[in-house]
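Residue numbers (numbering that gives the first Met the number 0), protein chains in the order written: chain A, 0 to 253; chain E, 0 to 253. Ideal Cβ positions, reconstructed from N, Cα and C, are used throughout, including at glycine.
There are 2 protein chains.
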Amino acid sequence: MAEQKPRYYRIADEIRGRIDRGDLEPGQQLPTEHELMAQYEASRNTVRLALRRLTDEGLVISGQGRGSYVRRAHVPAVWDWSVLESRSRHESNTNGGDQWASVVAESGREPRQEVRVSIRQPPADVAERLGLDPETAMTVVRERVRFIDQEPYALADSYFPEELVRGTPLMKPEDVSAPGGVLAQSGLIQVRYEDEITFRMPTRAESERLDLPPATPVAVHTRTGYDKGGKPLRVMVTTLPGDRHVIRYSVLAD
Amino acid sequence: MAEQKPRYYRIADEIRGRIDRGDLEPGQQLPTEHELMAQYEASRNTVRLALRRLTDEGLVISGQGRGSYVRRAHVPAVWDWSVLESRSRHESNTNGGDQWASVVAESGREPRQEVRVSIRQPPADVAERLGLDPETAMTVVRERVRFIDQEPYALADSYFPEELVRGTPLMKPEDVSAPGGVLAQSGLIQVRYEDEITFRMPTRAESERLDLPPATPVAVHTRTGYDKGGKPLRVMVTTLPGDRHVIRYSVLAD
DNA sequence: TAGTGGTCTAGACCACTGT
DNA sequence: CAGTGGTCTAGACCACTAA
Chain A
0 MAEQKPRYYR IADEIRGRID RGDLEPGQQL PTEHELMAQY EASRNTVRLA
50 LRRLTDEGLV ISGQGRGSYV RRAHVPAVWD WSVLESRSRH ESNTNGGDQW
100 ASVVAESGRE PRQEVRVSIR QPPADVAERL GLDPETAMTV VRERVRFIDQ
150 EPYALADSYF PEELVRGTPL MKPEDVSAPG GVLAQSGLIQ VRYEDEITFR
200 MPTRAESERL DLPPATPVAV HTRTGYDKGG KPLRVMVTTL PGDRHVIRYS
250 VLAD
Chain E
0 MAEQKPRYYR IADEIRGRID RGDLEPGQQL PTEHELMAQY EASRNTVRLA
50 LRRLTDEGLV ISGQGRGSYV RRAHVPAVWD WSVLESRSRH ESNTNGGDQW
100 ASVVAESGRE PRQEVRVSIR QPPADVAERL GLDPETAMTV VRERVRFIDQ
150 EPYALADSYF PEELVRGTPL MKPEDVSAPG GVLAQSGLIQ VRYEDEITFR
200 MPTRAESERL DLPPATPVAV HTRTGYDKGG KPLRVMVTTL PGDRHVIRYS
250 VLAD
């Protein structure tokens, strides 16, 4: 029985083995394509197919003119969705209302966010979660791009039914305080959240806005907030790159 | 200023546009590589680079001898981690103890799982979560591959400190009841869970065990269960393919 | 400027799918 | 069987990086 795997599979397997065994360490440069051609007696395209396999697995990263390197892990930002947005935390928070920013600042890193506010029709799935007619409903949309140490970390888009928040400070673009806080000040109190998480490859647009390296999936975290009567007040859609985030929950068994 | 994007970017953008606009519908066959070469006056490799971009985004799927097709969405299985493993659900569950199986069966699909039990050293991160010495500690490991309608859906590996579960039914391979249940019968009651979710591209091994299509990320859900005194009793690591799963949580604001 | 990876061409043969 | 995508070769030129 001869080996039936394609040549570039075997080249990739061999290099992956070197990485797994630690012969090639994170951050270390791989042999150049030219060297690999010689080592494996293969054409350049075949070598490149093998390297492509490894970059697709997130093991290798390469740059024009620089070479190929074993990929380093990021320092992940931990998002604890059981704690984030809790009112007790919010009240004790000193930096003007944004909880995300204070959590990041506590860890010694520098938060920044760009906010854009508009009024428009929500996407169909958001309308459904808010219990609105997708044809006619309008929502106030707050789109934020969140940066840590000047690098983009996440997209966070919040949707509020327009009729609920008319005339509140929410509609001023310069307001960057936590929506939970602003909502509460307007008498709209969220007592329960329904969170849904999906994960997939980024679209081209997300990839560019977040400056994502190849082979980086995103999680889409959709939080719907309800008031005491079970009426939905807000939907927040957060897009988190996989190489920079860990999502955490605490759950009490019943 | 002329557009300087590479040719295969523009070919990919053009085809992506046709898909986004609905000119090409899910399940529909794309033009053959030969036809695309003619349409865009490009070499075959260039056309293939463009198609590769689209398969990397999860938009297109291709098969040798069959052609390339616009990818269809899966029907996702919803995993509600607030409810799963709750004791109240467990007690009212009629099918012999496995909650996952009953949740799936309720939705009219056919669950099946392959279980393998062994005793061995845990990975370092699991040892740390269990508060064990990574050099010497032994754990009972239950590795399951879960299928729905004969297709692999998830990997679920549970780790128990060996000293805690010695002599319990947990160690019998044929036992497939929910670990929460078995633990409880041994007087080990989990009152709190810490869940952590990361998401990344699958390793080769995961990709093969789960028969994953290209461009399918996985979420790794790690649940650590604690008893009343805060002692860790169990770690469960679930590997979920992104094209078949939605993770859900309910959270009460405090 | 030398060396790297990125883009692109023009072929060839193979493996697999359908008819 | 004809037609598809998968693998592979042997070149060429370009864009970028670092010395």
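Query raised in the report: Checking contacts by CB at 9 angstroms: is Ala252 of chain A closer than that to chain E?
Result: Between Ala252 of chain A and chain E, the shortest Cβ-Cβ separation is below 9 angstroms.
Requested in this report: Return the chain-ordered ranges of every beta strand (DSSP E) run that is complete within the stretch 19–63 of chain E and spans a minimum of 3 residues.
Outcome: Correct list: 59–62.
**Report entry** Close-in-space but distant-in-sequence residues of the same chain around Arg6 of chain A (CB under 7 angstroms, 5 per side omitted)
**Finding:** Short of 7 angstroms from the beta carbon of Arg6 of chain A, and not among the five residues preceding or following it, lie these beta carbons of its own chain, in chain order: Ala41, Thr45.
Query - Assigned exposure category for Arg70 of chain A - 16 Cβ within 10 Å defines buried - result: buried
**Report entry** is_contact[Asp22 of chain A, chain E] using C-beta, thresh 9 angstroms
**Finding:** Output row for Asp22 of chain A: interface = no.
Query raised in the report: Rounded to whole angstroms, how far is the Cβ of Pro160 of chain A from the Cβ of Leu131 of chain A, which I believe are closer than 8 angstroms?
Result: 6 angstroms
Query raised in the report: Along the stretch 139–160 of chain A, what residues have a CB closer than 8 angstroms to any CB found in chain E?
Result: none
Requested in this report: Quick one: give me the first and last residue of the beta strand (DSSP E) that Leu251 of chain E is part of.
Outcome: 244–251
Requested in this report: Give the single residue among A:Val234, A:Arg145, A:Leu232, A:Ala252 whose Cα lies nearest to the Cα of Arg208 of chain A.
Outcome: A:Arg145
Report task. Kindly indicate which three-state DSSP category Gly228 of chain E falls into: helix, strand or coil? Result -> coil
**Report entry** Interface residues of the stretch 182–199 of chain E facing chain A [CB-CB below 9 angstroms]
**Finding:** Ile188, Gln189, Val190, Arg191, Tyr192, Glu193, Asp194, Glu195, Ile196, Thr197, Phe198, Arg199
Query raised in the report: Are the C-beta of Pro75 of chain E and some C-beta of chain A separated by less than 9 angstroms?
Result: yes
Requested in this report: Go through its chain and collect everything with a Cβ distance to Glu113 of chain A's Cβ below 7 angstroms, but skip five positions before and after it.
Outcome: In the same chain as Glu113 of chain A, and ignoring 5 residues on each side of it, the C-beta atoms closer than 7 angstroms to its own belong to Arg143, Val144, in chain order.
**Report entry** Alpha-carbon spacing of Asp156 of chain A relative to Gly57 of chain A, whole angstroms
**Finding:** 28 angstroms
Report task. Spatial neighbours of Val164 of chain E within its chain, please: CB distance less than 6 angstroms, with the 5 preceding and 5 following residues excluded, ordered by chain position. Result -> Val139
Query raised in the report: Terminal residues of the continuous alpha helix (DSSP H) containing Asp124 of chain E?
Result: First-last of the alpha helix (DSSP H) with Asp124 of chain E: 123–129.
Query raised in the report: Under 8 angstroms Cβ-Cβ, which residues of chain E neighbour Pro216 of chain A?
Result: Under the 8 angstroms cutoff, chain E gives Phe198, Arg199, Met200, Pro216, Gly241.
Query raised in the report: Looking only at C-alpha atoms, which of E:Val236, E:Glu150, E:Ala218, E:Pro201 sits nearest to Tyr254 of chain E?
Result: The first residue shown for chain E is 0 and the last is 253, placing residue 254 of chain E beyond what the model contains.
Query raised in the report: For chain A, is any of its Cβ atoms less than 9 angstroms away from the one on Pro122 of chain E?
Result: no
**Report entry** Three CB pairs or more closer than 8 angstroms across the stretch 6–25 of chain E and the stretch 220–235 of chain A
**Finding:** no
Query raised in the report: Since Ala104 of chain E is in the beta strand (DSSP E), which residue starts that stretch and which ends it?
Result: No beta strand (DSSP E) contains Ala104 of chain E, which is instead part of the alpha helix (DSSP H) from 98–105.
**Report entry** Residue interval of the alpha helix (DSSP H) (run including Val164 of chain E)
**Finding:** 161–164
Requested in this report: Check each candidate in E:Gly107, E:Pro231, E:Glu105, E:Ile60 and name the one with the smallest Cα separation from Leu254 of chain E.
Outcome: With chain E running from 0 to 253 in the structure shown, residue 254 of chain E is simply not present.
**Report entry** Neighbouring residues, chain A, relative to Asp55 of chain E (Cβ below 9 angstroms)
**Finding:** Asp55, Met200, Pro213, Ala214
Requested in this report: Note down, in chain order, every chain E residue with its Cβ under 8 angstroms from the Cβ of Arg247 of chain A.
Outcome: Within chain E, the residues Glu193, Asp194, Glu195, Ile196 have their CB atoms less than 8 angstroms from the CB of Arg247 of chain A, given in chain order.
Query raised in the report: Between Gly95 of chain E and chain A, is there a C-beta pair that is closer than 9 angstroms?
Result: Residue placement at Gly95 of chain E is poorly supported in this model, since its pLDDT is 48, which falls under 50; the coordinates still yield a value, given next. Gly95 of chain E does not count as touching chain A.
**Report entry** Contact list for Ser81 of chain A against chain E, beta-carbon separation under 8 angstroms
**Finding:** Val250
Requested in this report: Would you tell me roughly how many angstroms separate the C-alpha atoms of Glu134 of chain A and Ser117 of chain A, rounded to the nearest one?
Outcome: Between Glu134 of chain A and Ser117 of chain A, the C-alpha separation is close to 18 angstroms.
Requested in this report: Determine the closest residue to Ala126 of chain A out of A:Trp80, A:Gln98, A:Pro231, with distance taken between C-alpha atoms.
Outcome: Measuring from the Cα of Ala126 of chain A, the nearest candidate turns out to be A:Pro231.
Query - Pair within 9 angstroms by beta-carbon distance, Asp124 of chain E and Val250 of chain A - result: no
**Report entry** Interface flag, His244 of chain A vs chain E, CB-CB below 9 angstroms
**Finding:** yes
Query - Top-ranked residue by Cα proximity to Ser206 of chain A, from A:Gly21, A:Leu239, A:Leu29, A:Ala49 - result: A:Leu239
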